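*Asks:* Starting off with a structure, shown below.
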Amino acid sequence: MAQEEPLTIQNSKFKIKDIFRRLIKQKVEKRSTRSWDVSIENTVREINKINKRRKSGGFYLNQAELMDILEQGYQVALKRAALEAFEGRYEAQELATIVDQQQTLAEALKLIQQ
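Going by this note's numbering, the sequence shown opens with residue -10, and the numbers climb by one from there.
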């Protein structure tokens, strides 16, 4: 029987997709709002709170594991951002040509590790 992921990892995956969705929207629409910035900041704070080990210190997910989750979540977030950016006029594949995936991955990792 496959071992289930701890709730902390599941929550982090969900929140990481949320960060990506907002970062992608910022990049493709070439604008940001205060609301988006605050939302990203709050989500990063929540990820760090979830990932922090309370008693023993340290983190549940190391940098390599975070990057793996980031890479897995990118395509899902791209599809969700396509629904929201420009009122959904573009497909995910079209947004993918506008957004540099590696740069966005690096930006998300940097935000989370601050």
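Glycine included, every Cβ here is placed at the ideal spot set by N, Cα and C.
Treat the numbers as computed from the prediction; the structure is a model and nothing was measured.
#1: With distances taken Cα to Cα, identify the nearest neighbour of residue 15 among 70, 99 and 3.
#2: In terms of residues, what are the limits of the alpha helix (DSSP H) holding residue 24?
#3: Can we say the segment 79 to 92 touches the segment 30 to 47, given the rule of at least three CB pairs closer than 8 Å?
#4: Considering only the beta carbon of each residue, do residue 51 and residue -3 sit closer than 8 Å?
#5: Once DSSP output is grouped into helix, strand and coil, what is the label at residue 3?
#6: Which residue from 12, 73 and 91 puts its Cα closest to that of residue 56?
#7: Which residue or residues does DSSP assign as beta-bridge partners of residue 48?
*Replies:* Answer, in terms of the structure:
#1: Looking up residue 15 in the sequence shown gives position 26. The option with the nearest alpha carbon to residue 15 is 70.
#2: Here residue 24 refers to the residue found at position 35 when the sequence shown is read from its first residue. Its alpha helix (DSSP H) spans residues 23 to 40.
#3: no
#4: Counted from its first residue, the sequence shown places residue 51 at position 62. Counted from its first residue, the sequence shown places residue -3 at position 8. Not a contact, by the Cβ cut-off of 8 Å.
#5: For the purposes of this step, residue 3 is identified with residue 14 of the sequence shown, where counting begins at 1. Three-state DSSP puts residue 3 in a helix.
#6: Against the sequence shown, residue 56 aligns to sequence position 67. The candidate whose alpha carbon is nearest that of residue 56 is 91.
#7: For the purposes of this step, residue 48 is taken as the residue at position 59 of the sequence shown. Paired residues: 41.
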